[in-house]
Amino acid sequence: MTTLTRTALVVVVVLLLLLGLLWVFQRRLIYLPDRGPVPPAAEVIPGARDVSFTTRDGLRLAAWHVPGDRDVTVLVTGGNAGNRLHRAPLARALAAYGLPVLLMDYRGYGGNPGSPTEEGLFLDALAARDLVRTSRVIYFGESLGAAVATRLALERPPDGLVLRSPFTDLADAGQVNYPFLPVRALLRDHFPVARDIARVRAPVVVVYGTRDTIVPPRLSRAVAEAADATTVEVAGAGHNDLVMLNGPGLVNAVTGLAERVR
50 MTTLTRTALV
60 VVVVLLLLLG
70 LLWVFQRRLI
80 YLPDRGPVPP
90 AAEVIPGARD
100 VSFTTRDGLR
110 LAAWHVPGDR
120 DVTVLVTGGN
130 AGNRLHRAPL
140 ARALAAYGLP
150 VLLMDYRGYG
160 GNPGSPTEEG
170 LFLDALAARD
180 LVRTSRVIYF
190 GESLGAAVAT
200 RLALERPPDG
210 LVLRSPFTDL
220 ADAGQVNYPF
230 LPVRALLRDH
240 FPVARDIARV
250 RAPVVVVYGT
260 RDTIVPPRLS
270 RAVAEAADAT
280 TVEVAGAGHN
290 DLVMLNGPGL
300 VNAVTGLAER
310 VR
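Sequential numbering from 50 applies to the sequence shown in the numbering used here.
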C-alpha cells in the first residue's frame, strides 16, 4: 500500500467517524435548551401563574399562563434555544392588549424532564393545547417552533397562526448554518413546514427580519407563499434581535390577527 493510498484511507476513516458522531449527536446541535429551573411565573409577569400538562407519553411539563380579558388565547411554541423565561417580554406585550398567553416549554427545557425530538415537541404542544380554555386560539410559532405550531395546526386547527422566522424545512435551514455538511442526508428530524402549511385552514401571518442570517428571509418568504399568508417584514432585523421578540411589527401582527378572528 502506497503512502498516498494510506493517507486517503485515513482521511476516509476520519470522515466516516465524524459523520457517525454527527448522526449520533446531531440533536445537540439542533436543540439548545436552557435546562435550568425558571422562577415562579408571578415573579416575572404580574398576574401570571404556573401551570402544567401531561403528554401522551407520560411527561409532566411546566408552563406559564398569563391571563387576559379577551377571548383569544395566544399559545406560544418557542424556538430551539432558551426557555419560557426568555419569551416573557412577548407575553407581557401581548397581555398589555388583553390577550391571554400560554408560554409552554418543551421536554428538556426550563427544568422539564425528557429530551427534545421532533415527535416529542409535537406531543408537548398537543398537550399544551388542551390547557386553553378560551373559545378562540392563535398559535404563535417562533423559528423551529413555527414548525411545531404548523403541525399542531393540522391536528388541532387554530383560529389563526403566526409564524415568526419560519424555515421551509429543517434541512434547508441546517444547510445555511452548516454548509460543509450533507445535512439533508444526516438529519433524523425534518420539520417540513412548507409542505404542511398549505394544508392549514386558518389565516396565517409570517413575520421575518430582512437581515436574518440563521433563517434567511427567502426561506420565510417561501413558507408565506406556500400558505398564501400575510407577510410582515421587519427591516434590518436579525434572527435574535429584540425587535423580533416584542417589537411593534411583531406584536401588531399578533394583535391584528386576534382582531380578525374575534
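Ideal placement from N, C-alpha and C gives every residue a C-beta, glycine not left out. Here the structure is a predicted model, which means the values were calculated and not measured.
Quick one: is residue i buried, meaning 16 or more other Cβ sit within 10 Å of its Cβ, or exposed?
{"i": "Leu-291", "result": "exposed"}
{"i": "Glu-191", "result": "buried"}
{"i": "Leu-66", "result": "Only weak support exists for where Leu-66 lies, its pLDDT of 49 falling under 50; the value from the coordinates is given anyway. Exposed, since its Cβ has fewer than 16 Cβ neighbours within 10 Å."}
{"i": "Gly-85", "result": "exposed"}
{"i": "Leu-299", "result": "buried"}
{"i": "Ala-140", "result": "buried"}
{"i": "Leu-70", "result": "With a pLDDT of 46 at Leu-70, under the threshold of 50, the modelled position of that residue is not reliable, and no figure is offered here."}
{"i": "Pro-207", "result": "buried"}
{"i": "Thr-126", "result": "buried"}
{"i": "His-135", "result": "buried"}
{"i": "Pro-215", "result": "buried"}
{"i": "Arg-311", "result": "exposed"}
{"i": "Glu-308", "result": "exposed"}
By the three-class DSSP mapping on this structure, what secondary structure does residue i have?
{"i": "Asp-173", "result": "helix"}
{"i": "Leu-70", "result": "In this prediction, Leu-70 scores a pLDDT of 46, lower than 50, which makes its location untrustworthy; the coordinate-derived value is nonetheless stated afterwards. In the structure shown, Leu-70 sits in a helix (DSSP, three-state: H, G or I)."}
{"i": "Val-59", "result": "Low per-residue confidence applies at Val-59: pLDDT is 48, beneath 50, and the placement is therefore not dependable, though the value from the model is reported in the following sentence. Correct three-state label for Val-59: helix."}
{"i": "Val-121", "result": "strand"}
{"i": "Arg-309", "result": "helix"}
{"i": "Val-303", "result": "helix"}
{"i": "Val-283", "result": "strand"}
{"i": "Leu-108", "result": "coil"}
{"i": "Leu-294", "result": "helix"}
{"i": "Pro-266", "result": "helix"}
{"i": "Gly-85", "result": "coil"}
{"i": "Ala-273", "result": "helix"}
{"i": "Gly-258", "result": "strand"}
{"i": "Ala-278", "result": "coil"}
{"i": "Ala-314", "result": "Look at the range of the chain in this structure, 50 to 311, and you will see that residue 314 is not part of it."}
{"i": "Thr-51", "result": "coil"}
Quick check: residue i and residue j, are their CB atoms within less than 7 Å of each other?
{"i": "Val-121", "j": "Arg-185", "result": "yes"}
{"i": "Asp-245", "j": "His-288", "result": "no"}
{"i": "Met-153", "j": "Ala-137", "result": "no"}
{"i": "Met-283", "j": "Gly-305", "result": "The amino acid at residue 283 is misidentified as Met; the sequence shows Val. Contact flag unset, no."}
{"i": "Val-225", "j": "Pro-265", "result": "yes"}
{"i": "Leu-180", "j": "Phe-102", "result": "yes"}
{"i": "Val-123", "j": "Val-150", "result": "yes"}
{"i": "Leu-203", "j": "Val-255", "result": "no"}
{"i": "Thr-217", "j": "Ala-271", "result": "yes"}
{"i": "Val-90", "j": "Asp-83", "result": "A small fix is needed here, since residue 90 is Ala in this sequence, not Val. Their beta carbons are not under 7 Å apart, which means Ala-90 does not touch Asp-83 by this criterion."}
Return the first residue and the last residue of the beta strand (DSSP E) that residue i is part of.
{"i": "Asp-99", "result": "98 to 103"}
Could you pull the start and end residues of the alpha helix (DSSP H) that residue i belongs to?
{"i": "Ala-90", "result": "90 to 93"}
{"i": "Leu-210", "result": "Element bounds for Leu-210: not the alpha helix (DSSP H) but the beta strand (DSSP E), 209 to 213."}
{"i": "Val-232", "result": "232 to 235"}
{"i": "Asp-245", "result": "242 to 246"}
State yes or no: is the beta carbon of residue i nearer than 7 Å to at least one beta carbon in chain D?
{"i": "Glu-308", "result": "The chain labelled as chain D is not found in the depicted structure, where only one protein chain is given."}
Do residue i and the ligand GDP come close, with the Cβ less than 6 Å from some heavy atom?
{"i": "Asp-261", "result": "Ligands are entirely absent from the displayed structure, and the ligand GDP is therefore not among its contents."}
| Continuous alpha helix (DSSP H) assignments of at least 4 residues falling wholly in the region 136 to 207 | DSSP runs (the alpha helix (DSSP H)) wholly in the region 136 to 207: 137 to 144, 167 to 178 and 193 to 204.
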